[in-house]
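Remarks on the structure that follows.
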Amino acid sequence: MLEQDETTELIKSAQSGDESAKARLITENAPLIKSVIRRFKGRGVEYDDLYQLGCVGFLKAIKNFSFGFNVRFSTYAVPMILGEVRRYLRDDGYIKVSRSVKAEAAKINAFVAEYRSRTGGMPSVEEIAAKFGIEAQDVVFTLDSAKLPLSIYDGTEEDGSRPIIDRLPSGDTENDSIDRIMLKDMITSLPERDRKIILLRYFRGSTQCEVARLLGVSQVQISRLENKILCMMRAEFEDKEKSG
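Its first residue numbered 2, the sequence shown is counted upward by one per residue in the working numbering.
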């Protein structure tokens, strides 16, 4: 891997239009790109195509990176690579996940979580199928489809499809990966219950009622907790932007 100073010089050259610098950066960072795209194997896209998508995301990272971000380039590049692959899977991939499939998957996952909490084991596909009155193969299809990455830009039914990113300061940066990194850090640092609420609501597509059942509280309590968590995250986000 390149030393930090050498990486800095190559990025500056690449941003000035030096194609050889871009090629060198891609070559030296190939292990990073491959480590990111590896998680998408088995999604119906050839590995070489995944690598090309990863390279496109990496080139976008080079183009948009600023040394004023105060993060390592590799930290900035990873979500850009992820975003490029996820956009392809969402928009052009071998399967498109409809809202109804996402909703059904959320219900199944909620049942599985409740079952595990109650029995300490996992329900069989047949048990899930019987619970929801569907065929076993439909259970497998729904859960497999739901493995496609959800975005912080996805909305939920209960709040008018308003995504979580719109409920936090976002400036004018639709593709601002720094915001995503900050958001990930904030979610990771949340207490377990609060983190579970945010992940279930905005990354797993669960409704407030489903989350309430899982946590053994009322839907009203979940609504209040969710708003409290988002207000706290918003304040922390603003503090980080001011200090950064």
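Beta carbons are placed, not taken as given, at the ideal position from N, Cα and C, and that holds for glycine.
- It is roughly 11 angstroms from the alpha-carbon of L226 to the alpha-carbon of M233.
- N71 counts as exposed, since fewer than 16 other beta carbons sit within 10 angstroms of its beta carbon.
- Around the beta carbon of F41, 16 or more other beta carbons lie within 10 angstroms, which makes this residue buried.
- Listed in chain order, the alpha helix (DSSP H) elements of length 4 or more contained wholly in the segment 49 to 131 are 74 to 92 and 100 to 120.
- A contact is defined here as three or more CB-CB pairs under 8 angstroms, and the segment 217 to 226 fails this definition with respect to the segment 120 to 131.
- Judged by DSSP secondary structure, S36 falls within the alpha helix (DSSP H) whose first and last residues are A31 to I38.
- Here the alpha carbons of G84 and R91 stand approximately 10 angstroms from one another.
- In this structure, A22 lies away from L33, with their beta-carbon atoms at least 8 angstroms apart.
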